[in-house]
Amino acid sequence: MSRARVPWALLAVLVLAQICYPLTGGTTRAGLTVATVVLGWLLSVGHALLTRGTRVAAALVALVTGGGFAVEALGVATGFPFGSYDYSGELGPKLAGVPLIIPLAWTWMAWPAWLTAVRLTRSRAARVALAAVGLAAWDLFLDPQMVAEGYWTWLDATPALPGLPGIPVSNYLGWLGFAVLLAAALPPLAGPSVDRVDRRDGPMFALYLWTYASSVLAHAVFLRLPASALWGAAGMAVAAVPLAVVLWRARRDRAAAPDPAPRVDAPA
31 MSRARVPWAL LAVLVLAQIC YPLTGGTTRA GLTVATVVLG WLLSVGHALL
81 TRGTRVAAAL VALVTGGGFA VEALGVATGF PFGSYDYSGE LGPKLAGVPL
131 IIPLAWTWMA WPAWLTAVRL TRSRAARVAL AAVGLAAWDL FLDPQMVAEG
181 YWTWLDATPA LPGLPGIPVS NYLGWLGFAV LLAAALPPLA GPSVDRVDRR
231 DGPMFALYLW TYASSVLAHA VFLRLPASAL WGAAGMAVAA VPLAVVLWRA
281 RRDRAAAPDP APRVDAPA
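In my numbering, the protein residues as written are 31 to 298.
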């Protein structure tokens with residue numbers, strides 16, 4: 031298999047695992063959740079490594095995986111910056127009260143969110159803002175889903191967003207603030223290659239759009255979480271809808287472009 035096809039193959043396996051999620055329950059669903067997060071982490075970090083090299087992949091892991099664990103450990107210990115919460119034991123081994131897969135999840139989505147912002151915007155400030163919103167808005171799906179499964183519990187869930195009881199607004203604000211820090215720190219740490227996108231980034235754009243569309247459908251229909259379907263649809267639409275439009279237009283323009291004229295060799 032060529033290097034270019036590896037991310038697409040991992041994405042296909044990830045999609046299959048996520049399709050199976052609503053069809054399972056109990057310990058099987060918890061195990062599938064862990065497997066899905068690991069797949070997502072491998073997909074994003076693997077794509078960064080294959081398309082941009084060791085420095086970018088290492089920066090992504092150090093900043094988002096390492097930083098994600100640090101902020102989660104701080105949150106569990108102190109309640110800052112998200113609010114007071116505890117994890118159950120269903121998501122596998124924990125360190126400092128944090129399941130080891132949790133920072134992997136943020137790495138999984140941080141990379142496609144950043145590339146989406148690069149594809150849509152030109153200025154560094156706009157990229158940081160859009161990448162942060164694109165990442166943090168995912169939690170409008172993720173937190174209600176995981177709380178409903180009992181994977182973690184908020185000790186003080188007020189004030190909460192309308193329709194999303196059990197999760198404080200401070201959680202979403204905390205993740206938005208941390209996502210801004212991640213997006214601002216990634217370019218100087220990873221180098222100039224993260225400020226460019228090309229055709230190799232197709233799997234990451236597909237991952238972001240799949241996450242958006244499948245989450246809306248799953249929450250609205252299969253998981254019976256209509257409020258989080260609406261909140262998540264509105265939040266992630268800030269990045270997902272413009273990305274879909276830009277990609278569609280680019281594909282349309284390529285299809286409409288005239289074929290290059292065939293080369294005619296001069297007679298001998």
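Ideal placement from N, C-alpha and C gives every residue a C-beta, glycine not left out.
Being a predicted model, the structure only gives us computed values, none of them experimental.
In this structure, LEU165 keeps its C-beta atom at 8 Å or more from the C-beta atom of ALA190.
Nearest to THR66 by alpha-carbon distance, out of PRO111, PHE99 and ILE132, is ILE132. With contacts defined by Cβ atoms closer than 8 Å, VAL68 and LEU134 form a contacting pair. According to DSSP, THR183 shares a beta bridge with ASP116. In the three-state reduction of the DSSP assignment, LEU130 falls in the coil class. Secondary structure of ALA267 (DSSP, three-state): helix.
If you compare the alpha carbons of VAL43, TYR51, LEU40 and ARG33 with that of GLN175, the shortest gap goes to TYR51.
For ALA42, the secondary structure class from DSSP, reduced to helix, strand or coil, is helix.
In this structure the segment 267-280 lies against the segment 149-159, because at least three pairs of beta carbons, one per stretch, are closer than 8 Å.
For LEU206, same chain residues with a beta-carbon under 8 Å away, outside a window of 5 residues either side, are ALA162, VAL163 and ALA166 in chain order.
Annotated three-state conformation of ALA190 is strand, per DSSP.
Residue state for PRO288 is assigned as coil, using DSSP reduced to three classes. Secondary structure of LEU203 (DSSP, three-state): helix.
Secondary structure note for THR151: it is in no alpha helix (DSSP H), with a DSSP letter that is neither H nor E. Following the DSSP letters along the chain, one finds ARG229 in no alpha helix (DSSP H), marked with neither H nor E. The bridge partners DSSP lists for LEU125 are VAL128. By the Cβ rule, the segment 182-201 counts as touching the segment 109-120, because three or more pairs are nearer than 8 Å.
Around the beta carbon of LEU185, fewer than 16 other beta carbons lie within 10 angstroms, which makes this residue exposed. The C-beta of ASP283 has fewer than 16 other C-beta atoms within 10 Å across all chains shown, which makes the residue exposed.
For SER245, same chain residues with a beta-carbon under 6 Å away, outside a window of 5 residues either side, are PHE171 and GLY262 in chain order.
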